[in-house]
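Numbering (this note's numbering), first residue to last: 11 to 188.
Quick reminder that beta carbons are idealized off the backbone N, C-alpha and C, glycines included.
Worksheet for the structure shown next.
Below, the structure written as structure tokens:
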């Protein structure tokens, strides 16, 4: 039981590093296949969900469960997957929610600094740990000034790409053709 909980927790926490590497390193610091995909979100922050990654990620999880059961490595992947989904929800909230918890307000300010002031800084969305470790966080005085400069920007209105996708699915679960 302890090994299972440890494996799951390790996967969950490892997501923060993976998110930093995908978003920050592959999306911003180097020009990779992720860069143009992520640029869509910077042009239109309503495109906040990595919808295309959900089905393959869940398919891999189903395959791992079918082949290996609840092995520690599968639980690690499950933790990673839960971290990914928690990130998706939090990222959505940072852009759209009108009421945020204190820690979310801090994350939102950092994320808006990234979007609106310094696109190669504040690369971690759900954690600032890797920004501090890898030097992509401005010094504390600059960060405070940058956060103050975005503090009063209102959350986004209108539907996200997820809401638009869901609205295009009819009651029988089939996609409507427009």
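Asked	Found
Inside the stretch 130 to 161 only - beta strand (DSSP E) runs reaching at least 3 residues	none
From 32, 56, 81, 156, residue whose alpha carbon lies closest to that of residue 11	81
Burial state of residue 76, where buried means 16 or more other Cβ atoms lie within 10 Å	exposed
Through-space distance from residue 74 to residue 50, alpha-carbon basis	32 Å
Buried versus exposed, by CB contacts within 10 Å (16 or more), residue 85	buried
Proximity below 8 Å, CB of residue 87 to CB of residue 170	no
Per-residue burial, residue 187 [other beta carbons within 10 Å of its own, 16 or more giving buried]	Residue confidence for residue 187 is low, a pLDDT of 46 falling below 50, so the modelled location carries little weight; the figure read from the coordinates is stated next. Counting Cβ neighbours within 10 Å, residue 187 comes out exposed, since fewer than 16 surround it.
Rounded C-alpha distance that separates residue 37 from residue 48	6 Å
For residue 13, the first and last residue of its enclosing alpha helix (DSSP H)	12 to 29
Buried/exposed call for residue 43, threshold 16 Cβ in 10 Å	exposed
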